[in-house]
Structure formats: C-alpha cells, structure tokens
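J.:
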C-alpha cells in the first residue's frame, strides 16, 4: 500500500473511533488530520486535530491529538515569547494530565500546541473523548491567558 493510501486508511480508522465516541468531525487534507471542534470553558472552543505521527517499534501506528494555542512568525519567536513564558509552559507540563505543551515548526511560523500521543490500535471511544477534551482545555488555557479566543 502506498503512503497516501496508508494515510487515508489511518485517518479513516481515526474517524471511525471518533464516531464510536460520538464525536463529529472531518478529515482536513491540508493538515493531514481528522479535525474536530471541542467546547471548553465559558462558551469558548478549540479546534483539535488528530493525525498519524509514526510507528512504535516500527509496526504499531501512533497518533497525536493536538490543538494550537498560539502561533508566531518564524522571524519573531524569540522576541514574541520570552524565556520566562517558555519556562512556564515546561513547568505546566509537570502538572497537566493527558496533555503537554510543545512547539511545532512550520514553513513560515512556529505553533505553541497542546498535544498527546496514543497507540491507534488500543484507542477506544472513551480515550478519544478524554484526549480531545484535555488537549483542547490545555490549549484554551494557554490561549485565554493572552486574552484571545481565535483558535
């Protein structure tokens, strides 16, 4: 099976698990992910993406749930986010259940994301719902701290 075929098959499996969890979403070809909208506190919401991210031991597909909390142009990361703020994200990782903060690099920008990884073959509907909720809450907390609700 070719790589695009494998990706379609994995995204289809993710969509099936979401359906079992009662979660509605759609495959976003641009992100190469299954995309859902998760309600958070005070009428806010976060977009959560679920995508295949590799394999464990070369055979077991792994997926990542992630939600964008902030983004910075590549040329401005060091001036836009302070060392104190970066350290704060790392410290929050120690006390945050079912999610962690990290930085993803794209062609033109950096994304501060909340994410969590799972094995696809052992993921059930309940875990899917839990992962999506905790990742969305973590990203929303980070975004709300800046007084924003864009993502």
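In this note's numbering, the protein residues as written are 850 to 1000. From the three backbone atoms N, C-alpha and C, an ideal C-beta is built for every residue, glycine too.
#1: Could you spell out the range, first to last residue, of the beta strand (DSSP E) harbouring residue 886?
#2: In terms of residues, what are the limits of the beta strand (DSSP E) holding residue 892?
#3: Under 7 Å Cβ to Cβ from residue 930, same chain only, skipping five residues before and after it: list those, please.
#4: Take residue 979 and list the residues in its own chain whose beta-carbon comes closer than 7 Å to its own, dropping the five residues that flank it on each side.
#5: What is the residue span of the alpha helix (DSSP H) that residue 983 lies within?
#6: Enumerated in chain order, which unbroken segments of the alpha helix (DSSP H) with a length of 4 residues or greater are wholly contained in the stretch 896 to 951?
#7: Look up residue 956 in the DSSP assignment and say whether it is helix, strand or coil.
#8: Throw me the rounded Cβ distance for the residue 877 and residue 898 pair, which I believe falls under 8 Å.
#9: Taking a contact to mean a Cβ-Cβ separation below 8 Å, would you say residue 985 touches residue 913 in this structure?
T.: Taking the structure as given:
#1: Here residue 886 corresponds to residue number 37 of the chain shown, with the count starting at 1. Under the DSSP assignment, residue 886 falls in the beta strand (DSSP E) whose first and last residues are 882 to 888.
#2: Taking the chain shown and counting its residues from 1, one reaches residue 892 at position 43. Looking at the DSSP string, residue 892 is not in any beta strand (DSSP E), and its letter there is neither H nor E.
#3: Along the chain shown, one-based indexing puts residue 930 at 81. Only 921 meet the Cβ criterion.
#4: Against the chain shown, residue 979 aligns to sequence position 130. Once the five neighbours on either side are set aside, the close Cβ partners of residue 979 are 947.
#5: On the chain shown, position 134 is the one that residue 983 refers to. 974 to 994 is the extent of the alpha helix (DSSP H) around residue 983.
#6: 926 to 929 and 932 to 944
#7: As a first step, residue 956 must be located in the chain shown, where it is residue number 107. Here residue 956 sits in coil by DSSP.
#8: The residue labelled residue 877 in the question sits at position 28 within the chain shown. The residue labelled residue 898 in the question sits at position 49 within the chain shown. Rounded, the Cβ-Cβ distance is 7 Å, consistent with contact.
#9: Numbered from 1 along the chain shown, position 136 holds the residue referred to as residue 985. Numbered from 1 along the chain shown, position 64 holds the residue referred to as residue 913. For residue 985 and residue 913, no; Cβs fall outside 8 Å.
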